[in-house]
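For the sequence shown, position 195 (counting from the first letter as 1) is numbered 195 according to the numbering used here, and the numbering increases by one without interruption. Here the structure is laid out as structure tokens; the discussion comes afterwards.
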Amino acid sequence: MRKAKIERKTKETNIAAEINLDGSGKYSINTSIPFLDHMLSLMCKHGLFDTKLKAKGDIEIDDHHTVEDVGIVLGKAIKQALGDMKGISRCGYASVPMDEALATVSIDISGRPYLVYKAEFLKKSKLKDFDPDLIEDFLHAFVSNCGIALHVNVPYGRNTHHIIEAAFKGIGRALRQAVTIDPRVKGLPTTKGKL
Ligand SMILES: [Mn+2]
């Protein structure tokens, strides 16, 4: 089982996470930001990652610190759980609809962090208590600490909740493919010899 446990404490947030990449999608997630909990639950369910995550942050100021730091911790946890990365499929792709919205997600566990996030029209919309602009900050922190290239494209969609939900289901599913051990892969899936 590829597992990791991470704790991170700063003056702004206190976060503990446990992840098992070879799980069945059991999750217990509480960040005190309900919309973020909803999205991370989807990601873990669709990724089949068993996940425990607890975050306490200074949300009385703004959600930003907590959202970003959860991205850091989750990224580090997945990277640590991947271990030596031998035998992984490495790449993953998912195109997920949620009613009228579509998100396509491509992932390469390359060791080189890169985020492409094309969901421009999200910036026009609002959710109840959550600023959709923070999704990009979350993903940036996640990618930087996980060491992956992540491309999220939303070609169309009307409802903000649907758009973000499609994206997180897509991330879960693409990541699940990418981390999966392929018995035909011997060693690292690269001609370079290093990921
Ligand atoms: Mn929903």
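Note that beta-carbon positions come from the ideal geometry of N, C-alpha and C, so glycine has one too.
Per DSSP, residue i is paired with what?
i    : result
A103 : V96
C91  : D108
A149 : D108 and Y114
E18  : K5 and K52
Taking Cβ to Cβ, would you say residue i is nearer than 8 Å to residue j?
i    : j    : result
K45  : S28  : no
N20  : D50  : yes
S110 : L195 : yes
A101 : G157 : yes
L175 : G92  : yes
E60  : F138 : no
K54  : A16  : yes
A149 : Y114 : yes
R173 : G47  : yes
A178 : V152 : no
K169 : V96  : yes
Quick one, which of the options has its alpha-carbon nearest residue i's?
i    : options                  : result
A166 : G187, K86, V105 and K76  : V105
N159 : K128, T10, F142 and D182 : K128
R112 : E18, K79, A55 and P97    : K79
My guess is that residue i and residue j are in contact by the Cβ rule of under 8 Å, so how many angstroms apart are they, rounded?
i    : j    : result
T13  : H64  : Wrong, their Cβ atoms sit about 10 Å apart, outside the cutoff.
I181 : G87  : 5 Å
K56  : S41  : Contact doesn't hold; Cβ gap of about 18 Å is too wide.
M43  : I171 : 6 Å
K3   : A81  : 6 Å
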